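>
Protein chains in written order, with the working numbering: chain R, 8 to 334; chain Y, 8 to 334.
1. Can you round the beta-carbon distance between residue 201 of chain Y and residue 213 of chain Y to whole angstroms, since I take them to be within the 8 Å contact cut?
2. Between which residues of its own chain and residue 251 of chain Y is the CB-CB distance below 6 Å, once the five residues before and five after are set aside?
3. DSSP three-state label for residue 175 of chain Y, please.
4. Taking 7 Å as the CB-CB cut-off, is residue 1 of chain R touching chain Y?
5. Counting only beta-carbon atoms, is residue 40 of chain Y nearer than 7 Å to chain R?
6. By Cβ distance, which residues of its chain are closer than 7 Å to residue 86 of chain Y, with the 5 residues on each side in sequence left out?
7. Quick one: which chain Y residues come within Cβ less than 7 Å of residue 48 of chain R?
8. Beta-carbon within less than 6 Å of residue 92 of chain R's beta-carbon, same chain only, minus the 5 sequence neighbours each way: which residues are those?
9. Residue 79 of chain R to residue 181 of chain Y, Cα distance in whole Å?
10. Hey, residue 135 of chain R and residue 47 of chain R: beta-carbon distance below 7 Å or not?
11. Mind pulling the chain Y residues with CB within less than 7 Å of residue 303 of chain R?
12. Chain Y partners of residue 284 of chain R, CB-CB under 8 Å?
13. Can you find the residues in the same chain that come closer than 6 Å, C-beta to C-beta, to residue 235 of chain Y, ignoring five residues on each side of it along the sequence?
14. How big is the Cα-Cα spacing for residue 309 of chain R and residue 50 of chain Y?
15. What does a CB cutoff of less than 6 Å around residue 10 of chain R pick up in its chain, not counting 5 residues either side in sequence?
16. Once you ignore the five residues that flank residue 7 of chain R on each side, which residues in its own chain have a CB closer than 8 Å to its CB?
17. Could you pull the start and end residues of the beta strand (DSSP E) that residue 81 of chain Y belongs to?
18. Would you identify the three-state DSSP class for residue 309 of chain R, choosing helix, strand or coil?
19. Would you mind telling me which residues of chain R sit closer than 7 Å to residue 329 of chain Y, beta carbon to beta carbon, in chain order?
20. Roughly how many angstroms lie between the CA atoms of residue 229 of chain Y and residue 254 of chain Y, to the nearest whole one?
21. Where does residue 89 of chain R sit, in a helix, a strand or coil, going by DSSP?
22. Report the three-state DSSP secondary structure of residue 281 of chain Y (helix, strand or coil).
23. Find out if the Cβ-Cβ distance for the pair residue 64 of chain R, residue 177 of chain R is shorter than 7 Å.
24. Residue 299 of chain Y touches chain R at which residues, Cβ-Cβ below 9 Å?
25. Residue 242 of chain R: which of R/307, R/24, R/22, R/69 sits nearest, CA to CA?
26. Less than 8 Å between C-beta atoms, sequence neighbours within five positions excluded: which residues of the same chain meet that for residue 110 of chain R?
27. Take residue 22 of chain Y as the anchor and find which of Y/56, Y/118, Y/52, Y/148 has the nearest alpha-carbon.
28. Residues of chain Y with CB closer than 7 Å to the CB of residue 233 of chain R, please, in chain order.
29. Taking 7 Å as the CB-CB cut-off, is residue 15 of chain Y touching chain R?
30. Would you call the stretch 274-288 of chain R and the stretch 280-299 of chain Y touching, i.e. three or more CB-CB distances under 8 Å?
31. For residue 46 of chain R, does the three-state DSSP call read helix, strand or coil?
32. The beta strand (DSSP E) spanning residue 242 of chain Y covers which residue range?
33. Name, please, each residue of chain R whose Cβ falls closer than 7 Å to the Cβ of residue 51 of chain Y.
34. For the candidate residues R/299, R/301, R/45, whose alpha-carbon lies nearest to that of residue 12 of chain R?
Next comes the structure, spelled out in structure tokens:
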């Protein structure tokens, strides 16, 4: 990739709102792990943090329709919007996702909107740390408001709360999203609960169920996340989402929690960059994997056990991690 | 903990079927990361691999009832059974889980059954690598058959297929477990699909849905996972699960895939032991976290960016990982 040759020039083109350059940069951030460490520092002078709203929920709850509605609303207010959507890569959900993308195209010819779908690369619907870099590019590109969409907690541990300032959890009575079957951890991170498709049977029951769960944890949380209904297809409830977003941001500032959240985001980002670099120099490297396979063969042959094999690997690791650190 | 003082004696007590010793050993495997590297090698002489069946599925599909049924069946055949159940630790699902445990107590006073619930410790329902050690203890303890229960793919990446020889995915028409809403990756790992609560509405539709998905991936898979109905509360379908287990094991042996599966299990175990040791010497260590916090403060103050901070951490890492390696 020739992108790496002129890092400073590239950063300049982001500032100048060169759409094609931005698309290529985002691809490089996704695909070339060596690109971000060079590019993101060069982008720093042009970067300003923008309001970021995360939209999460199971497949089928209507995330794309909600984002569509929010984009229209924000555009009507004269805001430029950046959208990052993280797609699961399972072959099983391929169809549904394509459908979602098509529905989003209504806003895609608008110059004030930049929508980017990212693969989730084996993180099972979670965000990769590259998502944080992509958001930073969209912010430097002049977006006034950032929307991040994900299907929920992934395997990487880098999650929507590590990027978004406020997280809206979307549920719907039809998705079988009984609160009991929610993935553990998803309920806890939401700053608002939006029950979409509120005209379908079961919507009221679902809202009561969420409210009663929130009652249980009231003491633990300082911000009490509102629970409200929406009908995204008709545009109902979209204004309320933006209102609650603003209220939540004010609350964080008044209670001096805003800086805390930001620090959490930065800490997570550093942590996950480090983790992915460790992985690249160990488990993602073919000769490291070969070494594990060789030792696994000895465990199979009952010549040693897995812990002894692991101890051998750990002894060799510092040297491996030190390699390739030219800076 | 005095356990570490007499490792060889402890291993001997497992062989002698000392229940209390086994319970303490399992607690130590869960809680003391330094224990397994010492104890598991000492246990090796007493260890024989046993048949392992994994039962996975969303909360509410009836996993505990199925395990209850399988245990009774295996006991009637004179087999000693070891059960490892991984509980999610979310406060939201605490109630349901307690209920499950109570229902299981019908078999808990039987000396031929050893049931152990493990916390999932932030891995959101997944297995930790300690589970592999616990299974090994139950095998050395004289269990003839091992059942492993989990709510599905977790965040650690160490999953049921890394421990079990055959994986049964439980679904039910009522859990809202439309195949569309399944977590990506869960559908792919199953060696059989059991539609529980088969007398409830929607069961037939769910089976057709699964069959048609399996039709799509037929070429990719060499073993065609059977799809069948069960009513675990009435004991229906439990024999079939054990039959399919045996068929699948035979299939793997006939197609020379059995060794391949075992090698995959061993490789995963080594890999996840190494990963957890890396984590312990880095992200789990207070001074490492302090270092990240300090650098995050500089990123907040715009003195550097996250990638520069990560590069500093990476330079310091080899020395950190080398520390404390006394062997």
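Ideal placement from N, C-alpha and C gives every residue a C-beta, glycine not left out. Predicted model, so just to flag it, every value in this text is computed and none were measured.
According to the structure data:
1. The Cβ separation is near 11 Å, so there is no contact.
2. 199, 233
3. strand
4. Here chain R comprises residues numbered 8 to 334, so residue 1 of chain R is not present and cannot be evaluated.
5. no
6. Around residue 86 of chain Y: 151, 152.
7. 312, 314, 315
8. 124, 156
9. 37 Å
10. no
11. Result: 270, 273, 274, 277.
12. 317, 321
13. Cβ within range, chain order: 247.
14. As the crow flies, the alpha-carbon of residue 309 of chain R is around 12 Å from that of residue 50 of chain Y.
15. 35
16. Residue 7 of chain R lies beyond the residue range present for chain R, which begins at 8 and ends at 334; the question has no answer from this structure.
17. Not the beta strand (DSSP E): residue 81 of chain Y falls in the alpha helix (DSSP H), residues 70-83.
18. coil
19. Residue 329 of chain Y reaches chain R at 325, counting residues in chain order whose Cβ is nearer than 7 Å.
20. 14 Å
21. Judged by DSSP in its simplified three-state form, residue 89 of chain R adopts strand.
22. helix
23. yes
24. 274, 277, 278, 281
25. R/69
26. Summary for residue 110 of chain R: the model assigns pLDDT 40, below 50, so the residue's position carries little reliability, and this model does not support an answer.
27. Y/148
28. By Cβ distance, chain Y contributes nothing, its closest Cβ being about 18 Å from residue 233 of chain R, past 7 Å.
29. Not one beta carbon of chain R lies nearer than 7 Å to the beta carbon of residue 15 of chain Y.
30. Taking 8 Å as the limit for Cβ pairs, the verdict is that the stretch 280-299 of chain Y does touch the stretch 274-288 of chain R.
31. helix
32. Neither: residue 242 of chain Y is in no beta strand (DSSP E) and is coded neither H nor E.
33. 312
34. R/45
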